[in-house]
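**Q** Let me begin by handing over the structure; questions about it come next.
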Amino acid sequence: MISTSFLFSFTIVFILIFSSFSQTYSNPHNIIQETCKKSAASTPNLTYKFCVTSLESDTRSRYANLHKLGLISMDLLRHNVTSTRREIKKLLRNKKMEEFIKGCLKDCVELYSDAVPTLKEAKREYKNRNYKDANIKVSSIMEAPTTCENGFKEKEGIISPLTKNNSDVFQLAALTLSIINMNLHDIQ
């Protein structure tokens, strides 16, 4: 017969193991929410909602740690950079477009094209935990959406067709930069 004290001890151990397992896996969004709170608080152009929605859109984030969230944010940024570049190329096919807008779009496609290899380098540095170098590269990527958007403002009455794209890329770059810096501070 199994003694009552053994059953009680077994039950306690089982509860402790199960509760630690369920705390780890039942609410995987805690790290996302905490990361987004810190990121939105320290980054004026990044909203908490955008951060959470972006990170939760990738199923890998469900069980990610902070380092993996950085990789996920870089992948989201890469996807947005390349889709924005595709959108610009599509807009450039319009033969009836005003020359000023066409010139702005050509500048934008060049900026976004330059961002792709820089982002690959940033990801390589990040994977190697060279957070300072990754920080520098992602910071330079943030210039693409800003410079692109500002180009359209040089002529009165012109509205950028890329405002949403530029905003999304900028916020994803800001999020990525924030996560890189959190990782950098964790190792110092």
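Take the sequence shown: its letters are residues -26 to -1, 1 to 162, numbered as in mature numbering (1 follows the signal peptide of the UniProt record, and there is no 0).
Ideal Cβ placement from N, Cα and C applies to all residues, glycine included.
Small disclaimer: the values here were computed from a predicted structure and weren't measured.
1. Mind checking which residues open and close the alpha helix (DSSP H) that includes I115?
2. Report the option in V112, Y86 and V83 whose CA atom is closest to the CA atom of K97.
3. Between the alpha carbons of L65 and L149, how many angstroms are there, rounded?
4. For V83, which residues from the same chain have a beta carbon less than 8 Å from its beta carbon, with the 5 sequence-adjacent residues on both sides left out?
5. Are L93 and L51 close, meaning C-beta to C-beta below 9 Å?
6. Using CA coordinates, which residue listed in T56, K42 and T33 is at the minimum distance from D142?
7. Can you give the Cα-Cα distance for R34 and I46, rounded to whole angstroms?
8. Residues in its own chain within less than 8 Å of T120 by CB, not counting five upstream and five downstream?
**A** Taking the geometry as given:
1. Y105 to I115
2. V112
3. When rounded, the distance between both Cα atoms is 28 Å.
4. Result list for V83: R59, I62, K63 and L66, in chain order.
5. In contact: L93 and L51 (Cβ atoms closer than 9 Å).
6. For the residues T56, K42 and T33, the minimum Cα distance to D142 belongs to T56.
7. 8 Å
8. N140 and F144
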